[in-house]
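Chains as they are written, first to last, in this note's numbering: chain R, 8 to 281; chain W, 8 to 281; chain P, 8 to 281; chain Z, 8 to 281.
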């Protein structure tokens, strides 16, 4: 069982929470907390074993926490996700393989592509694939996406190299539950063709950034970032190829953190309790 | 004020400790804990502000903790260290510079060298340097070291590329308070000439390991490790040069962790609460 | 077209080789060389465009090179590989995905497993899978492997987490054409259960090593190595999980280097011309 | 002896150059080349031993190279550098230590500070220090710098955390011979207070960039970049501290590359032949 708590900070929170759990005979396996002193915010993630019912726990916790506290008690069941893709396979294939071998920490419900390129790989893994080709009308395009999505239960939408910009309206439907992999070390090279930009700038490292999507393009809260070395011998095309490896790794890491309930979002930041 | 606690694990420890601190109106800035489930051991590091006296705190903590608990309450004063060196300057110079600019987190009391090579750099920083040249009698050599050391207060002995093996007897005087930088990625290439060994083996990474010294040579608890890439174009001599950079960085990192009271030692391991 | 040359070193080799190519109007795209001064060995990799025939080139090169020179002229066709596995999927799935999307730089001819666990994933990618279960007689077991292998053309055998030790006799059939991924930072933790060993030793980094297989177990020439951070919070089981990510990445990198004709083997080392 | 060549690309360059060296009985220790296909530019670095005179070599090379070729033949003597600083010590101290132990690959001629803070550390190493305090008139300030600089021989000016912006006019005096360490992973967070910016953006990595200074602020050709992990627990102040370690390492690496004649500059890029 995972308990996540986000609330205003005040003295005695840890004592109160751990006292309550101790009194209820929960066995705490791990407990991590963070306080943002500037914002006076408190974040906590608790992993606990229990043979007792948990129905009452949320209520009891809210009673001892400051007003406005957010408490989520997640049984150790898998998250459900819907994946959006375009033509590039690397992130999707990694997700499909982990899903197939039950190591994703989530279940892929379906894949939606704005090209049909990746239909075959999905079918090989028995995952429903919906081609939704953009035909000039973005409103209609996004409505079709929403119709498909609405047929499924889901916790998160994953943009696994989905190369169309989604409208603020669309993004607004999902709160901070859309996760994107951006092919640069944000905020460097935001926007289009980041590898071409990086190549022209002669950078010595290229990176990738996994982040929540907000209506501010490429500006959402960062979950994970990583880099690999680059040098003068890389063409822009080489950087694209090398970038795919790091994009795959960074998205995989970010998804694992999110699916394990380790990522808290506030303002334009994340707290990641590892 | 830093509070470190190490004791047998049991339910309710976090609640008890944080309850006590809360009741005494300590403002907890950060609190990290770790439980080794296999060994049933509990480790905690607390950083707290207080305007109240702390004289009573240790006593009160011991009363609510399991028997045999270790509690240390460190005021935010600097540790004191004695540094042992041979001829290589890189780790020592890094320590002297940080010491001079008050960013080491400790005060260097003196430097002892089994060669006189590094006397001048110590004098430039007004640090007492004692040359203790080995003259064939190890017992006598170590007694001379002990005599010098005994003239100073110290919390830790740092072996900053001290290339003589110290006897179990000598090491036994200091408990786990001697810190060494080993020029390999332990346990690979333990013993003499690790870079030559690494070169012959054609490794693609070379590393360094900072560890506590025990009477088991190169076997003490590891504090920090790091690596840098190597390849076929490196001669053994190039690896030595490259290794110095990583040795300097790893020892600096390990010392910072130790001086910040973040490192707990048990069995042949460390818990590092960052 | 890739030209690889390995021979005794002497003055004028680069001039002679590049002179010959220039005279034959080959357009050199890239040229890398390395000289092992200690061993007096010369290594060169040339990537060249040509519209002329290459039939004569090897002969002409051998004429200007020292006796005993090895020259290979590889047209840009894909290598062929046979993959051996046990139960763990991560390396195999990565290879199958890259093979399916034509980015492996090689064609997977078939997969042989000493367990049937990974049959289904192979079938999903239309790759022949042969289960060869060990039944107590290693000679017979290896003979069955050889029979299957002999039905295919291949350039390399890849051990993608194949957890049985192959006899010197078996290995001897293949020269240095078997590539293995070892789940540790060799030479640390060679042999069985490296993650358990690493956990007990309290290491702060765990690694993986891709290497050619020789009859000296875990002692073959290293192609690539990489590490990821570890700490006290990792159980041995966590280290296994984390290790899989780095194993997958290191094997993928090593295969790419080998399939691109960038790896030269001599003594117990490799030269990797990137 | 190091020979560096930069010229228009054409077929036969390597053959011509290595033929010439071979004919003159130079023993080539290492030779690296790079061709920028897009720009049709050829770069080469040769390390050679010779007992013969080299006076004629430059002339002979220019005769066989395309018009406009740049050839530099550097005897293995140390470069001379002048260092500009403000108040932060970390990069300067690293340079002074390496200079003192003859491992910088260059000789520090003098240090100029726009604050007097670092005078004492320079004096401890017997390096002339000139305090040049800005008093409201930038033209006058830069003239004073130029006067001091003109008293010394120098190959490079190193800005080791020099926190004033230099005018295009000043920069113009030095061609691409001023090297700066920028406290961010350029082009992310160019300009002022990069760590505050990075903290607000919630990045998971912070970096440093060593680059040549041009009149385009923070836009000059990049020599080296590196990053270290960051997370939510870092305050902006923690990031500054952590950043100092990586700034020191990146500047040290960049200087080593430049002093070894490994860095070629063209357009807004570098080729680094390692």
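Positions of the beta carbon are idealized from the N, C-alpha and C atoms, including for glycine.
**Request:** Determine, using beta carbons only, whether residue 152/P and residue 177/P come nearer to each other than 9 Å.
**Result:** yes
**Request:** Please list the segments of the beta strand (DSSP E) lying wholly inside the stretch 178 to 252 of chain P, counting only runs of 3 or more residues, in order along the chain.
**Result:** 185 to 189, 212 to 219, 229 to 236
**Same chain, Cβ closer than 8 Å to residue 269/Z, five either side skipped, listed in chain order** = 52, 279, 280, 281
**Message:** Counting only C-beta atoms, is residue 121/R closer than 9 Å to chain W at any point?
**Reply:** no
**Message:** Excluding the 5 residues flanking residue 150/P on each side, which residues of the same chain have their C-beta closer than 6 Å to its C-beta?
**Reply:** none
**Request:** Anything in chain W within Cβ reach of residue 38/R, meaning under 8 Å, just list it in chain order.
**Result:** 21, 40
**Asked** Residues in the stretch 181 to 214 of chain W with C-beta within 8 Å of chain P's C-beta atoms, listed in sequence order?
**Response** 192, 193, 194, 195, 196, 207, 208, 209, 210, 211, 212, 214
**Item:** Residue interval of the beta strand (DSSP E) (run including residue 149/W)
**Value:** No beta strand (DSSP E) contains residue 149/W, which is instead part of the alpha helix (DSSP H) from 145 to 156.
**Message:** Per the DSSP calculation, residue 13/W is bridged to which residue(s)?
**Reply:** 50/W, 77/W
**Request:** Could you work out which residues of chain W lie near residue 174/R, taking near to mean beta carbons separated by less than 8 Å?
**Result:** Ordered by position in chain W, no residue passes the 8 Å Cβ test against residue 174/R, which lies about 41 Å from the chain.
**Prompt:** Which residues does DSSP pair with residue 38/R in a beta bridge?
**Reply:** 53/R
**Prompt:** From the beta carbon of residue 28/P, is the nearest beta carbon of chain Z less than 9 Å away?
**Reply:** yes
**Message:** Strictly by DSSP, which residues pair up with residue 43/Z?
**Reply:** 48/Z
**Prompt:** Roughly how many angstroms separate the alpha carbons of residue 187/P and residue 102/P, rounded to a whole number?
**Reply:** 13 Å
**Request:** Would you verify that the beta carbon of residue 163/P is, or is not, closer than 9 Å to some beta carbon of chain R?
**Result:** no
**Message:** Report the CB separation of residue 180/Z from residue 277/R in whole angstroms; it is logged as a contact under 8 Å.
**Reply:** Incorrect: roughly 46 Å between the Cβ atoms, too far for contact.
**Item:** Close-in-space but distant-in-sequence residues of the same chain around residue 22/P (CB under 6 Å, 5 per side omitted)
**Value:** none
**Request:** Please name the residue, chosen from 88/P, 158/P, 91/P, 10/P, that lies closest to residue 28/P on a Cα-to-Cα basis.
**Result:** 10/P
**Asked** Using DSSP with H/G/I as helix, E/B as strand and the rest coil, what is residue 172/W?
**Response** coil
**heavy atom of the ligand HEM below 8 Å from residue 235/P C-beta** = Ligands in the displayed structure: none, and consequently the ligand HEM is not present.
**Message:** With the cut-off set at 9 Å, would you say residue 55/P and residue 14/P are in Cβ contact?
**Reply:** no
**Message:** So within the stretch 108 to 140 of chain R, which uninterrupted beta strand (DSSP E) runs reach at least 3 residues, ignoring any that extend past its ends?
**Reply:** 113 to 120, 136 to 138
**Item:** Selection from 208/P, 206/P, 110/P, 248/P that minimises the alpha carbon distance to residue 264/P
**Value:** 110/P
**Request:** Just mark residue 106/W as buried or exposed, buried being the case when its beta carbon has 16 or more other beta carbons within 10 Å.
**Result:** buried
**Members of the stretch 127 to 141 of chain W near chain Z, C-beta cut-off 8 Å** = 128, 131, 132
**Prompt:** Could one say the Cβ of residue 245/Z lies closer than 9 Å to chain W's Cβ atoms, at least one of them?
**Reply:** no
**Item:** Contacts that residue 109/Z makes with chain P (C-beta to C-beta distance below 9 Å)
**Value:** Ordered by position in chain P, no residue passes the 9 Å Cβ test against residue 109/Z, which lies about 24 Å from the chain.
**Asked** Within this structure, are the beta carbons of residue 97/R and residue 255/R separated by less than 9 Å?
**Response** yes
**Asked** Ordered along the chain, which non-local residues of its own chain (more than five positions away) have a Cβ less than 6 Å from that of residue 137/R?
**Response** 119, 155
**Request:** Classify residue 277/Z as helix, strand or coil using the three-state DSSP reduction.
**Result:** strand
**Message:** Quick check: what's the CA-CA separation for residue 184/Z versus residue 91/Z?
**Reply:** 13 Å
**Message:** Taking the beta strand (DSSP E) that residue 164/W belongs to, which residues open and close that run?
**Reply:** 163 to 166
**DSSP bridge partner residues for residue 271/P (one or two, in chain order)** = 278/P
**Prompt:** Mind listing which residues of the stretch 264 to 277 of chain P have their C-beta closer than 9 Å to chain W's C-betas, in chain order?
**Reply:** 271, 274, 275, 276, 277
**Prompt:** Does DSSP put residue 64/P in a helix, in a strand, or in coil?
**Reply:** helix
**Message:** By the 8 Å beta-carbon criterion, what residues does the stretch 48 to 77 of chain R contribute toward chain Z?
**Reply:** none
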